[in-house]
Amino acid sequence: MTTTVGLRERAGEAPITMLTAYDALTARLIDEAGIDLILVGDSMGTTALGYESTLPVTVEEVKSRTAAVARASEDALVVADMPFLSFGVDDSEAIANAGSMLKEAGADAVKLESGPHTVELTERLTQLGIPVMAHLGLTPQHVNQLGGYTRQGTTQTAAEEIMSLAAAHENAGAFSLVLEHVPANLAREVTETLDIPTVGIGAGGDCDGQVLVISDVLGLTEDVPPFATAFGDVATAMTEAISSYKHAVEDGSFPNAEHSYIEDTLEDQF
Ligand code: KIV
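Just so you know, we're using the working numbering here: the sequence shown kicks off at 1 and counts up by one.
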């Protein structure tokens, strides 16, 4: 069973694995495969929910998906992603939203796309017993400000800002830190400096762990980001199964006698 304390002890030892999931079927498979953490990411917006970006995702959507994932996970630590504007506007509201991920949906922790505005909130949530995973580098909720899903921390000033925010979030009590789409040498420096584990996505191989979006891993996504890899071709497998079902219904081979039964107690006209 993964715990936030156990993860901290593992930093620098065995690599940490994390994948996203948004439903119980997928979460069960991920959990059974022994993945350490399941992130119910707001990437559900562009994958499971069909939005153009993550910005429209609501607290209720994350809660409902988190509850499904938590019901199906026995060993993995379930992290609920805090959606756009569910934090950072009003701290009482942010605490209530984060708390509801644990109290109502069964998450073990929350993730916040972090910045200078989340240091105090991270401390407050941690004090209240809500473990926080911080997230620096590319924070997709800022896509409109960043002008796209671009690599971050590429100048000396930007890299130093990430270093300093990483330390501030560790001091505020975050139990781990996601580093997204940043240079590998910056991620290595952050990882060596912090005591808490870093989990990278597009951040090179020197983080304490790695995270990917499940639809990219399964080969379900048309545009896999440059830093991800499809480890299977589930889209082709699904298309073949769906076509086989369609043809079987159309040619009358499904359902057959094996899938049907006759009720002998019905009256004769049946
Ligand atoms: O929402 C998400 O899936 C994420 C990961 C890419 C880290 O934030």
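Glycine included, each C-beta is placed from N, C-alpha and C at the ideal position.
Own chain, CB closer than 6 Å to Thr4, minus 5 neighbours either side, in chain order | Pro131 and Phe175
Return the CA-CA distance between Val275 and Ala80, expressed in angstroms with no decimal places.
-> The chain is shown only over 1 to 270; residue 275 falls outside these bounds and no answer can be derived.
In whole angstroms, what separates the C-alpha of Thr66 from that of Ile38?
-> 10 Å
Report back the beta-carbon spacing between Gly148 and Ala203 to the nearest angstrom; my notes put them in contact at under 8 Å.
-> No, Gly148 and Ala203 are not in contact; Cβ-Cβ is about 18 Å, not under 8 Å.
Taking the C-alpha atoms as reference points, what is the distance between Ala257 and Glu263?
-> Their backbone Cα atoms lie some 13 Å apart in a straight line.
Cβ of Val178 versus every heavy atom of ligand 1: is any distance shorter than 7 Å?
-> Checking every heavy atom of ligand 1 against the Cβ of Val178, one is found closer than 7 Å.
Classify Ser260 as buried or exposed, calling it buried when 16 or more other Cβ atoms lie within 10 Å of its own Cβ.
-> Exposed.
Three-state secondary structure (DSSP) at Met82?
-> Assignment of Met82 by DSSP, reduced to helix, strand and coil, places it in the coil class.
Could you name the residues of the same chain whose beta carbon sits closer than 6 Å to that of Thr118, not counting the 5 residues immediately before and after it, in chain order?
-> Leu112
Between which two residues does the alpha helix (DSSP H) containing Thr4 stretch?
-> Thr4 to Arg10
Nonlocal neighbours in the same chain, by C-beta distance under 7 Å from Ser215, ignoring five residues either side | Thr47 and Thr221
Simplified DSSP state of Leu194, which is helix, strand or coil = coil
Do Thr126 and Ala184 have their C-beta atoms within less than 8 Å of each other?
-> In this structure, the beta-carbon distance from Thr126 to Ala184 does not fall below 8 Å.
Count the other CB atoms, across all protein chains shown, that sit within 10 Å of the CB of Met1; report buried if there are 16 or more and exposed otherwise.
-> Met1 is exposed by the Cβ-count criterion.
Give the range of the beta strand (DSSP E) segment to which Thr157 is assigned.
-> Careful: Thr157 lies outside any beta strand (DSSP E), inside the alpha helix (DSSP H) at Gln156 to Ala172.
Select from Thr265, Phe270 and Thr139 the residue whose C-alpha is nearest the C-alpha of Phe84.
-> Thr139
Check: Ser43 C-beta below 7 Å from any heavy atom of ligand 1 = yes
Is the beta carbon of Ala228 sitting closer than 8 Å to the one on Val213?
-> yes
Using DSSP with H/G/I as helix, E/B as strand and the rest coil, what is Val224?
-> coil
What residue from Pro197, Ala159 and Val59 has the CA that sits closest to Pro15's CA?
-> Nearest option by C-alpha distance: Pro197.
Give the DSSP bridge partners of Ile16, in chain order.
-> Gly209
Return the Cβ separation of Glu180 and Ile201 in integer angstroms, given the expectation that the two are a contact with Cβ distance under 8 Å.
-> Correct: roughly 5 Å between the Cβ atoms.
Residue span of the beta strand (DSSP E) that contains Glu113, given as start and end = Taken as a continuous stretch (DSSP letters only), the beta strand (DSSP E) holding Glu113 covers Ala109 to Glu113.
Looking at Thr20 and ligand 1, is the gap between the Cβ and the nearest heavy atom below 7 Å?
-> yes
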